[in-house]
Ligand SMILES: Cc1cc2nc3c(=O)[nH]c(=O)nc-3n(C[C@H](O)[C@H](O)[C@H](O)COP(=O)(O)OP(=O)(O)OC[C@H]3O[C@@H](n4cnc5c(N)ncnc54)[C@H](O)[C@@H]3O)c2cc1C
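Given below as structure tokens:
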């Protein structure tokens, strides 16, 4: 029997340190510099952030998303999950701990598929926190349906020429490089005819047409780029993995990305639950505390149960990834976690907002960002509906149809079978009456 829900004391001590550190030292950054996480740091921010990062390094918690087999110092997905649920409280925390999306996923695929030269040029600076990266897959006319992608690379001498459009490439305007997924062979299925390229963002022809923001950000400002790749020339060395391997690489990248978002979402939803409970115990109306009203008790109980279920599911999925060391073997559960995640955050943040009344709906509380964040979680790395289809297909693989007219569990059939199996005893019973 090896089921165990306890964290080993040494790692728990590191987590306790991280929890205090994030609350006291990192969360204030969210207030002081709310939008500068992915902007190269000027002198002032370096003076603030670099010592914090050094403390994380000193505690052995820097960039733990990659295990030693991939050149990192990670401890696996289960331990990362326990850390990420602490970091999820704060938008700056992943940056201070060197494990922010989309850089973690990008680092993972370079570690898996990159050449030594690519690792030196792109992976090491990423792991050292010296630069940002962007992942450029979604297209304006195609969304994330690869069968409709048109952005392409055409062979030209000992290199390639890339042309086409990409949409919502997060952080492209501040990234040192993009990983772009393009069609390299239009004559075969897109699943075999696409490749990935590593391209420095200052390469001529990488044109950021505009940055798209999320609600609350001014029009024309934001972090998600519409990019026009216009006659972008790259050498063969820019190819990540083999030609035609993009789909397999994307699966590796998105598997990790999705579960990491889920880990951080636990932390954000827990923060909303904490706020809900504090308010319920502090605010009194019509003769009693909110905490004494049954509707509010229902909010709290439902939120606690929803979060506990989600957390255990995420931890179990992380444990499965560690066990199999292959995202494809855990695809069903990663997709199911992705499906559950937006609803958990949406429900708990909405209830917390409601319990705060008008204050909750105001711009003086963070609930609107959390609720909006739940919609983002239902789209980024693929819409919920697509993941539900994946879950259903994977679940159905474990079943087969019956060739009988009646279902296997049809009660008359089961009863007849049971009577036949125990006929000897049933006859005896009848005989004894
Ligand atoms: C904050 C944020 C950051 C992002 N960052 C990146 C990034 O860095 N790089 C990148 O490449 N992309 C990024 N994306 C894009 C993201 O991957 C896409 O938004 C997502 O895959 C859906 O594509 P779409 O927006 O074009 O929606 P569409 O494909 O147009 O889908 C719209 C809706 O149609 C429904 N739908 C779609 N397909 C199906 C289906 N098969 N079955 C049933 N219903 C379906 C769903 O309700 C879906 O929400 C980001 C998105 C967000 C919101």
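Numbering (the UniProt record's numbering), first residue to last: 1 to 433.
All residues carry an ideal CB built from backbone N, CA and C; glycine is no exception.
Residues near residue i in its chain [Cβ-Cβ closer than 6 Å; skip 5 each side]
i           : result
residue 210 : 226
residue 100 : 94
residue 168 : 138 and 224
residue 408 : 402
residue 144 : 138 and 382
Cβ-Cβ distance between residue i and residue j below 8 Å
i           : j           : result
residue 92  : residue 37  : yes
residue 367 : residue 353 : yes
residue 166 : residue 229 : yes
residue 270 : residue 307 : yes
residue 213 : residue 222 : yes
residue 10  : residue 89  : no
residue 117 : residue 66  : no
residue 161 : residue 199 : no
residue 245 : residue 195 : yes
residue 348 : residue 291 : no
residue 78  : residue 322 : yes
residue 81  : residue 263 : yes
residue 215 : residue 372 : yes
residue 419 : residue 428 : no
residue 8   : residue 266 : no
residue 108 : residue 252 : yes
residue 256 : residue 71  : no
residue 342 : residue 285 : no
residue 400 : residue 406 : no
Nearest to residue i (by Cα), restricted to the options the options
i           : options               : result
residue 15  : 75, 126 and 169       : 75
residue 142 : 355, 150 and 379      : 150
residue 476 : 182, 200 and 102      : Lying outside 1 to 433, the shown extent of the chain, residue 476 is not represented and no answer is given.
residue 25  : 67, 87, 66 and 65     : 87
residue 171 : 52, 140, 280 and 208  : 208
residue 33  : 62, 370 and 95        : 95
residue 328 : 204, 244, 372 and 391 : 391
residue 350 : 205, 365, 339 and 287 : 365
residue 102 : 265, 279, 395 and 258 : 258
residue 250 : 180, 206 and 214      : 180
residue 358 : 30, 283 and 384       : 283
residue 40  : 57, 131 and 47        : 131
residue 340 : 163, 363, 197 and 388 : 388
residue 186 : 305, 203, 146 and 49  : 146
residue 239 : 115, 12, 399 and 410  : 115
residue 314 : 285, 344 and 299      : 344
Proximity test, residue i beta-carbon vs ligand 1 heavy atom, cut-off 7 Å
i           : result
residue 135 : yes
residue 143 : yes
residue 102 : yes
residue 221 : no
residue 170 : yes
residue 96  : no
residue 357 : no
residue 368 : no
residue 382 : yes
residue 224 : yes
residue 214 : yes
residue 395 : no
residue 180 : no
residue 389 : yes
residue 198 : no
residue 217 : no
residue 138 : yes
residue 379 : yes
residue 209 : no
residue 108 : no
residue 339 : no
residue 206 : no
residue 386 : yes
residue 183 : no
residue 376 : yes
Cβ-heavy atom distance, residue i to ligand 3, below 7 Å
i           : result
residue 125 : Ligands present in the displayed structure are limited to ligand 1, and ligand 3 is not among them.
Sequence-distant residues of the same chain with beta carbon closer than 7 Å to residue i, five excluded per side
i           : result
residue 235 : 158 and 159
residue 61  : 14, 18, 83 and 97
residue 201 : 172, 175, 176, 177 and 178
residue 317 : 259, 330, 333, 334 and 337
residue 320 : 330 and 333
residue 279 : 290, 355 and 356
Close Cβ partners of residue i (< 8 Å) along its chain, the five nearest in sequence each way excluded
i           : result
residue 220 : 210, 211 and 213
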